[in-house]
Every structure is written in C-alpha cells, then in structure tokens.
Amino acid sequence: MDDQNSIDLFLEMILTERAASLNTISSYSHDIEQFRIFVASGSRDSLLSVNRAEVRKYLSHLEKKKFAASTSARKLSCLRQFFKFLYAEGIRSDNPSLDIESPNIARSLPKLLSEAEVAKLIEGAKECATKSGHINDLRFLAMIELLYAAGLRVSELVSLPRNIFQSGEPYIYVRGKGNKERLVPLSQRALKAVYNYIGVLASFKDSKGQLKYKDKQNKWLFPSRGKLGHITRHHFAQNLKQFGIKVGIEPNKLSPHVVRHAFATHLLSNGADLRAVQKMLGHADITTTQIYTHVLEERLKSLVQSKHPLAK
Numbered sequence: 344m345d346d347q348n349s350i351d352l353f354l355e356m357i358l359t360e361r362a363a364s365l366n367t368i369s370s371y372s373h374d375i376e377q378f379r380i381f382v383a384s385g386s387r388d389s390l391l392s393v394n395r396a397e398v399r400k401y402l403s404h405l406e407k408k409k410f411a412a413s414t415s416a417r418k419l420s421c422l423r424q425f426f427k428f429l430y431a432e433g434i435r436s437d438n439p440s441l442d443i444e445s446p447n448i449a450r451s452l453p454k455l456l457s458e459a460e461v462a463k464l465i466e467g468a469k470e471c472a473t474k475s476g477h478i479n480d481l482r483f484l485a486m487i488e489l490l491y492a493a494g495l496r497v498s499e500l501v502s503l504p505r506n507i508f509q510s511g512e513p514y515i516y517v518r519g520k521g522n523k524e525r526l527v528p529l530s531q532r533a534l535k536a537v538y539n540y541i542g543v544l545a546s547f548k549d550s551k552g553q554l555k556y557k558d559k560q561n562k563w564l565f566p567s568r569g570k571l572g573h574i575t576r577h578h579f580a581q582n583l584k585q586f587g588i589k590v591g592i593e594p595n596k597l598s599p600h601v602v603r604h605a606f607a608t609h610l611l612s613n614g615a616d617l618r619a620v621q622k623m624l625g626h627a628d629i630t631t632t633q634i635y636t637h638v639l640e641e642r643l644k645s646l647v648q649s650k651h652p653l654a655k
C-alpha cells in the first residue's frame, strides 16, 4: 500500500464513521499532505516508514516557520488520528505519534456579556417585535431567545427544522457536530417567542398575496430565498451586531458565539452543574466546558482586587 491509498482510507473512515464535514476532510487532507511533503524532503520517503523522530522534527520545523502553537497542535492532532488509524488497521506495526507532547497553547478566555447586557439585548428585541409585529423582528426575537435559552451553535440555530416545535414539549432535540443529537430544555419565554413567530410565518405573504415561503424553504424554522433555503450564519451575525449597536453594546463584543458563551457562564455562575452544561452545549470533552470555570475564576479575582478592603 502506498501513501495515497492509506490517506484515502483514513479520509473515507472519518467521512463514513464520524460523519465529518467536507471542511474537516479538506483540512485533514491538507495537513497530512503537508507532513508527507516534509517527510519526502528528508530522510524518509513514505508515511508508512516515518518514525517518531520525524514527527518531532516536523513540529520543530513548524515552530521555525513561525506557525502559531494552536496551528501546530491541530496538525499534530490530525497526525495522531491518522497514525492511530493505520496502526488499528494493521497498515503500520507502530504509532510514531505516541508520547509526543502538543505545543503549549495560551488559551484565551472567551469574550463576556453580563446578564444585564443580555437582558438589554433580549428586552430590546422584544420591544421592537411587539411594536412592529413585523416578521423580521419576530424572527430576530425568536432567534436571540433560542440562542441564549439553549446555548446553540449558530449553525445549529439557523438550520433548525420547523417541525422540531410541533410536539409542544418544553425541550428540543438538536443535531450538532458529528451528527450527534442532544436534548436541550427551553424556557417558557423562548417557546413563546418561537410560537408567536411561527404563527406569523405560516401566513406570511409576499407583495402579490402569495405565501412567501413554500417548497424547500417550508421545512426550515428560519427560511430564506437563498441557496440553503434558510437564513445564513453570516446574515444573523450581522443582524445581531447591528441590533447590539442600537441597544448600546459594542459590535466587537457581540457575536452569536459570545451569546453561547453567556449561556454557559451565566448558568455556572448561578449554580448549574458542569456536566449538565457540557451536555446542553454538546461538548464531547468536559475540558472544553471547563473554560467557563476559568472565566468565573477570573471574575472572582477581579472582584477581590477591586472590592476587597485589604486588596489595595
């Protein structure tokens, strides 16, 4: 077996068994090809014969080329999965990526919205929707309520199917990364905003008096005339920033992902269990969720430094 066949087998595996996206497959393919070129320029001519020393040399090469530590860590993670697959399939008799430490990454804390800022955002959206009754304002209110109530990824939010709310239950099943499904409870106010929006959407007509959204758009909760059939992530993110300006929130501080961060941080600060938050966010690894405990720690340190009588 040659290098290309082994790479093709690996990419086929992550596509079929892990339901990886095309972007993920493309990224993995690129990272492995970069390593293959590096190996070919050195003492080895094949990925099937490369040893641990070559993997370490490659990481040193990336460091000399001024690649970010996070990029090098991502490339190493890809190689680990690739060589683990080759070993499991009996294509290699060893795994040359074992016991190689990842580059140290200085993990930045996520941007934060206070509970007061989120309340300002949602109450502002509610006021606009109540005054105008326009489909666009009702849609924005429903989206922001869902985003904060459920901690959804923006890609999950914009692609929600309309029939997900037909059961009338105070929760929904969300299909996230890796095609994994999770149950997410919803607040009554979020459900109310969604059902108010759906009621108007079902009878929304264009200037000719025809139902505006039908056929392929009809299956989406947030339909669009665009190619995808539903509103895009970029469009919603732009609307969110523009509305944030209206209510006095700096645009560089606001994004759909920041609202997702707010959901997690505010739950934990009010006593929620870390494991429960992990499940609601759809994190495969709890270490990803633990970043929010670091956020709370930083806030407590700041509070002590600024408010404690003996801190100065």
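Residue 525 in my numbering is what sits at position 182 of the sequence shown, and the numbering runs on without skipping anything. Backbone N, C-alpha and C define an ideal beta-carbon position, used for all residues, glycine too. Since the structure is predicted, the reported quantities are computational estimates derived from the model, not experimental observations.
Simplified DSSP assignment, three categories, for residue i
i       : result
Ile-316 : The question about residue 316 has no answer here: the residues shown for the chain are numbered 344 through 655.
Val-527 : strand
Ala-363 : coil
Lys-650 : Per-residue confidence for Lys-650 stands at a pLDDT of 47, beneath the threshold of 50, marking its modelled position as unreliable; the derived number appears in the next sentence. Note: Lys-650 maps to helix in three-state DSSP.
His-573 : strand
Pro-504 : strand
Pro-594 : helix
Pro-446 : coil
Lys-559 : Low local confidence applies: a pLDDT of 49 at Lys-559 is under 50, so the model's placement there is unreliable, with the coordinate-based value given in what follows. Residue state, collapsed to three classes: helix.
Opening and closing residue of the alpha helix (DSSP H) in which residue i lies
i       : result
Val-501 : 497-501
Ile-515 : It is not in any alpha helix (DSSP H) - Ile-515 instead sits in the beta strand (DSSP E) that spans 514-518.
Lys-407 : 395-407
Leu-441 : Taken as a continuous stretch (DSSP letters only), Leu-441 belongs to no alpha helix (DSSP H), as it is neither H nor E.
Gln-621 : 617-624
Phe-606 : 599-612
Arg-417 : 412-431
Alpha carbon of residue i to alpha carbon of residue j, nearest angstrom
i       : j       : result
Asn-561 : Glu-458 : 35 Å
Arg-399 : Leu-441 : 11 Å
Met-486 : Glu-444 : 41 Å
Ala-303 : Arg-395 : Residue 303 is absent from the model: the chain starts at 344 and stops at 655.
Ser-612 : Ser-530 : 18 Å
Val-517 : Arg-525 : 5 Å
Tyr-538 : Pro-599 : 21 Å
Lys-427 : Ser-349 : 12 Å
Leu-503 : Thr-575 : 12 Å
Gly-433 : Met-344 : 11 Å
Phe-586 : Gly-521 : 32 Å
Asn-479 : Leu-597 : 20 Å
Tyr-401 : Ile-368 : 21 Å
Leu-481 : Ala-472 : 5 Å
Ser-403 : His-373 : 19 Å
Val-602 : Val-497 : 10 Å
Ala-605 : Ala-580 : 16 Å
Ile-515 : Asn-506 : 10 Å
Continuous alpha helix (DSSP H) assignments of at least 4 residues falling wholly in the segment 467-495: 478-493
Given 8 Å, three or more beta-carbon pairs between the segment 470-489 and the segment 613-626: Look at the beta carbons and you see the segment 470-489 not touching the segment 613-626: under three pairs across the two are nearer than 8 Å.
Any 3 or more C-beta pairs closer than 8 Å across the segment 462-469 and the segment 574-590: yes
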